[in-house]
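Peer 1: Got a structure for you, written out below as C-alpha cells; questions coming shortly.
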Amino acid sequence: MRVIILPILVLMSVCALAQKNKKDTAQNNVLQEVTIEGSILKTPKISKNGITEMDLPQAITILDGKTLQQQQISNLTDVLKNVNGVYIMGNTGGYQEEIASRGSNISSTNTFKNGIRFFNGMKIEMSGIDKIEVLKGNTAIEYGNVAPGGVLNIITKKPKFEFGGNIDFTYASFNNFKPQIDVFGPLNKRKTIAFRLNSSYQQGNSFRKYVESNSFYINPSLLFKLNPKSTLLIEGDFTKSSTVPDFGAGIINYQIVDLPRGRFTGVSWGRYNANQSFLSAKYNISLNKRWDLSALVGYRNYDTELFANARPSSTTVLANGNWKRSIQKSEVGDDYTIQQIDANVLFKTGRITHKVLIGTDAEQFTTQTTAYNNFANYDSINIYNEYNANNETNAPNLTKNTLTKTLINRFGVYAQNLISFPKYLKIFIGGRYNYVQSQSEVLTYSTNKTVNTETFDKPFSPKVGIILQPTINHTIFSSYSNSFALNTGVDINGNAIKPSIIDQYEVGVKNRFLNGKMQLNATVYLIINSNLAQTSLLNGNTNNNIKELAGETESKGIEIDGTYKPIKGLSIMAGYSYNQTTYTKSNTFIVGSELRYNPNHTANASINYEIAKGKLKNLNVGLISQYFGKRFAGRSTRLTVANDIYRLIPVNDYFVLDLVAGYKYKNWRLNGKLANVLNEMSYNIHDDNSLNPIAPINYSVQVGLTF
Numbered sequence: 084m085r086v087i088i089l090p091i092l093v094l095m096s097v098c099a100l101a102q103k104n105k106k107d108t109a110q111n112n113v114l115q116e117v118t119i120e121g122s123i124l125k126t127p128k129i130s131k132n133g134i135t136e137m138d139l140p141q142a143i144t145i146l147d148g149k150t151l152q153q154q155q156i157s158n159l160t161d162v163l164k165n166v167n168g169v170y171i172m173g174n175t176g177g178y179q180e181e182i183a184s185r186g187s188n189i190s191s192t193n194t195f196k197n198g199i200r201f202f203n204g205m206k207i208e209m210s211g212i213d214k215i216e217v218l219k220g221n222t223a224i225e226y227g228n229v230a231p232g233g234v235l236n237i238i239t240k241k242p243k244f245e246f247g248g249n250i251d252f253t254y255a256s257f258n259n260f261k262p263q264i265d266v267f268g269p270l271n272k273r274k275t276i277a278f279r280l281n282s283s284y285q286q287g288n289s290f291r292k293y294v295e296s297n298s299f300y301i302n303p304s305l306l307f308k309l310n311p312k313s314t315l316l317i318e319g320d321f322t323k324s325s326t327v328p329d330f331g332a333g334i335i336n337y338q339i340v341d342l343p344r345g346r347f348t349g350v351s352w353g354r355y356n357a358n359q360s361f362l363s364a365k366y367n368i369s370l371n372k373r374w375d376l377s378a379l380v381g382y383r384n385y386d387t388e389l390f391a392n393a394r395p396s397s398t399t400v401l402a403n404g405n406w407k408r409s410i411q412k413s414e415v416g417d418d419y420t421i422q423q424i425d426a427n428v429l430f431k432t433g434r435i436t437h438k439v440l441i442g443t444d445a446e447q448f449t450t451q452t453t454a455y456n457n458f459a460n461y462d463s464i465n466i467y468n469e470y471n472a473n474n475e476t477n478a479p480n481l482t483k484n485t486l487t488k489t490l491i492n493r494f495g496v497y498a499q500n501l502i503s504f505p506k507y508l509k510i511f512i513g514g515r516y517n518y519v520q521s522q523s524e525v526l527t528y529s530t531n532k533t534v535n536t537e538t539f540d541k542p543f544s545p546k547v548g549i550i551l552q553p554t555i556n557h558t559i560f561s562s563y564s565n566s567f568a569l570n571t572g573v574d575i576n577g578n579a580i581k582p583s584i585i586d587q588y589e590v591g592v593k594n595r596f597l598n599g600k601m602q603l604n605a606t607v608y609l610i611i612n613s614n615l616a617q618t619s620l621l622n623g624n625t626n627n628n629i630k631e632l633a634g635e636t637e638s639k640g641i642e643i644d645g646t647y648k649p650i651k652g653l654s655i656m657a658g659y660s661y662n663q664t665t666y667t668k669s670n671t672f673i674v675g676s677e678l679r680y681n682p683n684h685t686a687n688a689s690i691n692y693e694i695a696k697g698k699l700k701n702l703n704v705g706l707i708s709q710y711f712g713k714r715f716a717g718r719s720t721r722l723t724v725a726n727d728i729y730r731l732i733p734v735n736d737y738f739v740l741d742l743v744a745g746y747k748y749k750n751w752r753l754n755g756k757l758a759n760v761l762n763e764m765s766y767n768i769h770d771d772n773s774l775n776p777i778a779p780i781n782y783s784v785q786v787g788l789t790f
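Counting from 1 along the sequence shown, just add 83 to a position and that's the residue number in this note's numbering.
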C-alpha cells in the first residue's frame, strides 16, 4: 500500500507548487447537484470528468438534498421509490437493504459512498446524506469491477465556510426515536479551513414482535482551501449497529402461509452486530482552465457477527407447521483500501472539442470469514402458534467450521474522451485495463487442512457511444460496453471462481420541453451476462461460498422517466420500467426460465408543493407512490435432478402510497410522514424460501431547530 500512496503524495506536492504562479480560477471537480432557478431545470454534471447529463450515453437519476428532506427519507427503500428500475430486492435478516437494477443484484459491488465502495450488509444511515446519484448501465470505466445494472453513489454533506447547522428529534411508530445533529462552519478567521459534523443515534422496535435495533452514526469532515486553486477534503464516517435478526417464516412446501404480519419465529437473543468505518482524503487542483487533477486515498473497514437461528425453508417446516430449529453463527472482517488519480483535460483539434478523463486506481480487499458448525435441534416450534420467547433455552456454544481468507488486488488504468463535432454529433469512447490477483485460503478446523487457490485476470473494458443532438434540448444516444465482475468463493473442487463477463447495449432519448420546465427520457437496453456465478446446488450444498458458473443470462427492458416543474414550488416526478431476465444458457436451470426476485414491472410517481407566499408560506405537502410488480421466490427447477422438488413461489404485486407534510416557522421545522397509507401487504424476499412482510401503515414526526 505504501508503494502506491507515496507517488500520489509526491504528485500532490508537485502540483501544489506548480500552481502557485498561475492566475486561473479554481474549478471544482465535485459532481454538481440538480438545481432550480424559478421553475427551470438545470442540467447537472455527471461522472468524474464532469460530462453533462444530456451528453452522457446512459440513463441517470440524481436526488438532491432538497428532495431527500421534503420526502423525509430515512432509508434506502424510501430513496428508491424515486428511481425506476432500481429497487430493494430483499432484506436478509431485516438488517440490510439489498439493491437490484435491471435484473442484477448490485448490493455488494455497486454501492459507493463518496466514490469508495460501501459494505451494503448493513443499513445506510441517511442523516448525513447530501445527494444520491444513480448511474444505470455500465460504469466500469469509472468504477472498475462492478456488476451490470448500474451504480449507486452516496454523497455525504460537506463542510461550509459559514457557521450553521440544525438539531432534530424524530419519533416514529413502534417506539422508535432518533436524535441527530448537523453543525458546520469555519475554523479560522481567514476562512481557509472549514468543518462539518453529522451524528445521530437511533433506537426502537419493529412491527415484528421481539425485533429491536439500535445504531450510532458520526460523519466528521474538514475542508482546507490550500490556495485559490486547490483544496484538500478529509472525511471520516463510522456506523455501529445491532439488530435482532428476523429471517421470516411461513413457507411450507413452496407455498406462502398466511400468518399474522407481526409473527416472529426467530430467537429473541439473536444478534447481528456490524461496524463500518471510512477515512478518506481527496485533493483537487486546477492547474489552469483546461487541466484539473484530483487524487484520492481511502480506507474502509467492516466487521460483522451473526448469531441467530438458521433460515427456515420449505423442506424444514413441516405441513403442520412444526419446525425443528438450528442455530447458525458467522463472523466477517474486511479491510479495503483505494488509491486513485484522475486528470481532466479540455482541448480542441481544429473545430472539434475533446473532453478527456485519464486515470489510474488501485484497490485491495482483505476479507476473513469464520463459519461455525450449525447447532442442530436447538428446539422445536410451530409457526402457526404465537411465539413465546420465555420458552427459549440459552444460546448454545458453537464450534468453528472453516476460516476463509481472501485477498484481492486490483490495478486499473482508464481513459475516455467525449468528442464534440461542430454540429449535432458527439462520440464517447473509452476503455479500462485491469490487472486482478485473487487469492483464497480455506482452513477446515475438523481436519486442520488448508486449501489455497490463486487466479490472475487481465480484463479490458471498452465503451463506445454515439450522441446525436438536433438541439441543446434533445439527445438521441446509443452505446455498447463490456465489463467484468469479480466473483468470490470457490467451486466444488476448491478452485477460485473466474470473473463474469458482461456485454451491455443501450439506446435512449433525453428531451427537455416547455422552456426547460419538463424533462422526459426513455431508454431501451440489453445486458448479456456470460459466466453468471451463483451458489452451487450440487450434492445438496448450502454453503454460499461454494459456487458455480451457471451459464448465461439475458436482461432486456425499457425505462421511462419524467420530471415536471410547471410553477415555482411544484415538482412532479414519475417513471416506469419493464425488465425480463432469463437464462439463455444453463447447466443447472431450464433455459428460458426467469431469474428469481426480480419484478417485470415497477413504477413510481411523486408530487410535492411548497407554498412560497401568503399565510401558508413555507408549508410543504407531498405524495410518494410506488408500484412493485409480481416476482418469484423459491427455487427454479433444476435440469440435473429427475423429479426435482424445487418450485418457484409467486409473490404478489403491491402499490405503496406515502404522504408527507412539513412546515417551517422562523428557525423551527415540524415534519410528519404517513407511510404505506393503504396498509398494503406483500413481502421482501431473501434467500430461497425466506420472506419478510413489508411494514404496515406507520408514521413519523420530526421537530427541528436550525441555527
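We put the CB at the ideal spot given by N, CA and C, even for glycine. Computed from a prediction, not measured in an experiment: that's the story for all the values here.
#1: Tell me which residues share the same chain as K581 and place their Cβ nearer than 8 Å to its Cβ, disregarding the 5 neighbours each side in the sequence.
#2: Taking only the alpha-carbon atoms, compute the straight-line gap between F543 and I611 and give it to the nearest angstrom.
#3: Are I585 and P303 closer than 8 Å when you measure CB to CB?
#4: Would you be able to state if there are at least three C-beta pairs under 8 Å between the region 402 to 412 and the region 326 to 342?
#5: Excluding five sequence neighbours on each side, which residues of the same chain lie with their C-beta closer than 7 Å to the C-beta of T667?
#6: Compare the C-alpha of K509 against each of G227, S529, Q552 and name the closest.
#7: Look up S503 in the DSSP assignment and give the residues it is bridged to.
#8: Can you grab the Cα-Cα spacing for the pair Q102 / T449, in whole Å?
#9: Give the single residue among S396, F347, I575 whose Cα lies nearest to the Cα of Y470.
#10: Using a 10 Å radius around the Cβ and a threshold of 16 neighbouring Cβ atoms, would you call T723 buried or exposed?
#11: Could you tell me whether the Cβ atoms of V162 and S184 are closer together than 8 Å?
#12: Any chance the region 516 to 533 sits against the region 479 to 491, with 3 or more Cβ pairs inside 8 Å?
#13: Report back the beta-carbon spacing between H557 and N594 to the nearest angstrom; my notes put them in contact at under 8 Å.
#14: Hey, quick one: how far does the alpha helix (DSSP H) through I224 stretch, first residue to last?
#15: Let me check one thing: in DSSP terms, what residues is N492 bridge-paired to?
#16: Output the residue ranges of the beta strand (DSSP E) runs that lie fully inside the region 338 to 402 and measure 3 residues or longer, sorted by chain position.
#17: To the nearest angstrom, report how far apart K105 and L362 are at their CA atoms.
#18: Out of curiosity, what's the CA-to-CA distance linking G176 and G353?
#19: Measuring CB to CB, does N691 end up less than 8 Å from N174?
#20: Quick one: measure Cβ to Cβ for A391 and Q359, integer angstroms, because I've assumed they're closer than 8 Å.
#21: Given that a residue counts as buried once 16 or more other Cβ atoms are within 10 Å of its Cβ, and exposed if not, what is M656?
#22: I'd like to know whether the C-beta atoms of E208 and S298 end up nearer to each other than 8 Å.
#23: Report the partner residues of M205 according to the DSSP bridge assignment.
#24: Buried or exposed: which applies to M137, given that a residue is buried once 16 or more other Cβ atoms fall within 10 Å of its Cβ?
#25: Give every residue of the same chain whose Cβ lies closer than 6 Å to the Cβ of Y385, excluding the five residues on either side of it in the sequence, and list them in chain order.
#26: Below 8 Å on the Cβ atoms is my guess for I643 versus R383; work out the distance and round it to an integer in Å.
#27: How long is the line joining the alpha carbons of N781 and E677, rounded to whole angstroms?
#28: A616: which of N670, F560, S289, F307 sits nearest, CA to CA?
#29: Pick from Q785, N767, L788, F790: whose alpha carbon is nearest that of E181?
#30: Label F790 either buried or exposed according to how many other C-beta atoms from any shown protein chain fall within 10 Å of its C-beta, with 16 as the threshold for buried.
#31: Would you mind reading off the limits of the beta strand (DSSP E) that contains Q552?
#32: How many Å lie between A758 and V592 at the Cα?
#33: Would you call the CB atoms of G793 and N259 closer than 8 Å?
#34: Report the partner residues of T83 according to the DSSP bridge assignment.
#35: Does the structure place the region 716 to 730 close enough to the region 695 to 706 that three or more beta carbon pairs sit under 8 Å?
#36: Quick one: using the 10 Å Cβ neighbour count with 16 as the cut-off for buried, is F240 buried or exposed?
Peer 2: Once the coordinates are examined:
#1: T538, D540, N570, N614, L632
#2: Distance between the alpha carbons of F543 and I611: 16 Å.
#3: One thing to note: I585 has its Cβ no nearer than 8 Å to the Cβ of P303.
#4: yes
#5: These residues qualify, in order along the chain: E635, T636, E637, V674.
#6: Q552
#7: T436, K509
#8: Note that Q102 has pLDDT 39, beneath the 50 cutoff, so the model's placement of it is unreliable and the number below is only indicative. Cα to Cα, Q102 sits roughly 38 Å from T449.
#9: F347
#10: exposed
#11: Not a contact, by the Cβ cut-off of 8 Å.
#12: yes
#13: 5 Å
#14: It spans 223 to 226 - the alpha helix (DSSP H) in which I224 sits, taken as one unbroken run.
#15: Q447, Q520, per the DSSP bridge assignment.
#16: 354 to 371, 374 to 392
#17: In this prediction, K105 scores a pLDDT of 38, lower than 50, which makes its location untrustworthy; the coordinate-derived value is nonetheless stated afterwards. Those two C-alpha atoms are separated by around 31 Å.
#18: 11 Å
#19: With contacts defined by Cβ atoms closer than 8 Å, N691 and N174 do not form a contacting pair.
#20: A391 to Q359, Cβ: 20 Å. No contact.
#21: buried
#22: yes
#23: According to DSSP, M205 bridges with nothing at all.
#24: buried
#25: Residues of the same chain with a CB within less than 6 Å of the CB of Y385, apart from the 5 flanking positions on each side, are F202, Q359, D417 in chain order.
#26: With 8 Å as the limit, I643 and R383 do not qualify as a contact, their Cβ atoms being about 36 Å apart.
#27: 34 Å
#28: Of N670, F560, S289, F307, the smallest CA-CA separation from A616 is found for N670.
#29: The residue with the shortest Cα to Cα distance from E181 is N767.
#30: Residue burial is scored here from C-beta neighbours: F790 has fewer than 16 other C-beta atoms within 10 angstroms and is therefore classed as exposed.
#31: 543 to 554
#32: The straight-line gap from Cα to Cα measures roughly 34 Å.
#33: This structure gives no information on residue 793, because the portion of the chain shown stretches from 84 to 790.
#34: Absent from the model: residue 83. The displayed extent of the chain is 84 to 790, so no value can be given.
#35: no
#36: In the sequence as presented, Phe is not what sits at residue 240; that position holds Lys. Per the 10 Å Cβ criterion, buried.
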